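In our numbering, the protein residues as written are 4 to 187.
Built from N, CA and C at the ideal position, the CB exists for glycine as well.
On a predicted model such as this, the values are computed, not experimentally measured, just so you know.
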């Protein structure tokens, strides 16, 4: 079995349903017994909060893969793109130092068009920064690419419905299995 330490905000945690109904739980279910997703998501966390938690607590020795999803709360809290990207740089450095293979989940577009303007800039910057340094996983196709699809996928504009979390996990499993096979 392969273990992936999943760090992030409410979108990793599975808010408002909890970790048992998150997209990471759906990955485990779809992968059978081949992947265990250790869910370290915490609602409300910004990238610096997530990094702090990553550095504070040692992962079990059998964990060699880290997944990261963050940035939307940073934007909502008014943090600049430069500060968010500095956190992503620290993430890359930490994973390199610890010899963890990293998967960065691209920030997810919401049903809020004003927020999406900032999220699109963040997505582009994260892709440029992390390309060739981490696996990039874009779950947006599982949520929806159009405004109408995104509106139907979310409870409140930013948090997925239970069925959307399941779709995200089912979509992600193939990419994660391939990532784990490449790195082994």
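Member of the options whose CA lies at the smallest distance from the CA of residue i
| i | options | result |
| --- | --- | --- |
| residue 178 | 161, 145, 153 and 57 | 145 |
| residue 153 | 33, 45, 114 and 109 | 114 |
| residue 121 | 70, 74 and 91 | 74 |
| residue 208 | 160, 158, 137 and 161 | No answer is possible for residue 208: it lies beyond the span of the chain, which begins at 4 and ends at 187. |
| residue 78 | 135, 118 and 185 | 118 |
| residue 161 | 5, 19 and 4 | 19 |
| residue 60 | 24, 101, 86 and 180 | 101 |
| residue 24 | 172, 123 and 184 | 172 |
| residue 56 | 12, 99, 123 and 185 | 12 |
Residue range of the beta strand (DSSP E) that includes residue i
| i | result |
| --- | --- |
| residue 107 | 104-108 |
| residue 79 | That residue, residue 79, is in no beta strand (DSSP E); its alpha helix (DSSP H) goes 75-79. |
| residue 69 | 68-72 |
Cβ neighbours of residue i in the same chain (closer than 7 Å, five flanking residues each side left out)
| i | result |
| --- | --- |
| residue 58 | 97 |
| residue 176 | 30, 33 and 34 |
| residue 156 | 146, 147, 163, 164 and 167 |
| residue 174 | 142, 144 and 145 |
| residue 135 | none |
C-beta atoms of residue i and residue j nearer than 8 Å
| i | j | result |
| --- | --- | --- |
| residue 65 | residue 43 | no |
| residue 80 | residue 111 | no |
| residue 62 | residue 93 | no |
| residue 90 | residue 141 | no |
| residue 82 | residue 49 | yes |
| residue 95 | residue 125 | no |
| residue 72 | residue 158 | no |
| residue 109 | residue 139 | yes |
Contact set for residue i: own chain, Cβ-Cβ below 8 Å, skip 5 residues either direction
| i | result |
| --- | --- |
| residue 22 | 16, 28, 42 and 44 |
| residue 150 | 114 and 116 |
| residue 88 | 128, 129 and 132 |
| residue 180 | 34, 37 and 38 |
N-terminal and C-terminal residue of the alpha helix (DSSP H) that residue i is part of
| i | result |
| --- | --- |
| residue 92 | 84-101 |
| residue 32 | 26-34 |
| residue 50 | 50-59 |
| residue 121 | 116-133 |
| residue 151 | 150-156 |
| residue 145 | 143-146 |
Close Cβ partners of residue i (< 6 Å) along its chain, the five nearest in sequence each way excluded
| i | result |
| --- | --- |
| residue 68 | 7 and 104 |
| residue 5 | 38 and 183 |
Three or more C-beta pairs below 8 Å linking the region 160-174 and the region 17-34:
Verdict: yes, contact present.
Is it true that the region 33-43 meets the region 105-113, where meeting means three or more beta-carbon pairs spaced less than 8 Å apart?
no
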